[in-house]
Amino acid sequence: MAYPIEVQLWCGKDYYFNLWSHQYVYKYKSPEIGKKLYQEYIAGLIKTEQDFQKRLEAFDNGR
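Residue numbers (my numbering): 13 to 75.
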């Protein structure tokens with residue numbers, strides 16, 4: 013049995029995204045949602061935990 017390897021950088025800008033994704037996405041949501049959230053995060057569309065939660069809710073509701 014093979015397991016995927018996850019690489020994360022816990023520094024700089026990625027630090028906050030990793031905190032939020034582990035709290036709200038990891039083990040709870042699909043990897044695709046996490047990927048979309050990260051793309052929005054690096055594009056500057058998500059800047060705060062509240063932004064993260066709003067976008068996560070939007071993805072959950074199909075928006």
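Even for Gly, the Cβ is constructed at its ideal location relative to N, Cα and C.
Exposed or buried, residue i, counting other C-beta atoms within 10 Å across all chains shown (16 or more means buried)?
| i | result |
| --- | --- |
| Leu-31 | exposed |
| Tyr-40 | exposed |
| Tyr-53 | buried |
Looking only at its chain, what residues have a beta carbon closer than 8 Å to the beta carbon of residue i, apart from the 5 residues adjacent to it on each side?
| i | result |
| --- | --- |
| Tyr-36 | Phe-64, Gln-65 and Leu-68 |
| Ser-42 | none |
| Leu-57 | Asp-63 and Arg-67 |
Going along the chain, which residues of its own chain have a beta-carbon closer than 7 Å to the beta-carbon of residue i, five neighbours each way excluded?
| i | result |
| --- | --- |
| Lys-48 | Phe-71 |
| Phe-29 | Tyr-50 and Tyr-53 |
| Gly-24 | none |
Take residue i and list the residues in its own chain whose beta-carbon comes closer than 6 Å to its own, dropping the five residues that flank it on each side.
| i | result |
| --- | --- |
| Ala-55 | none |
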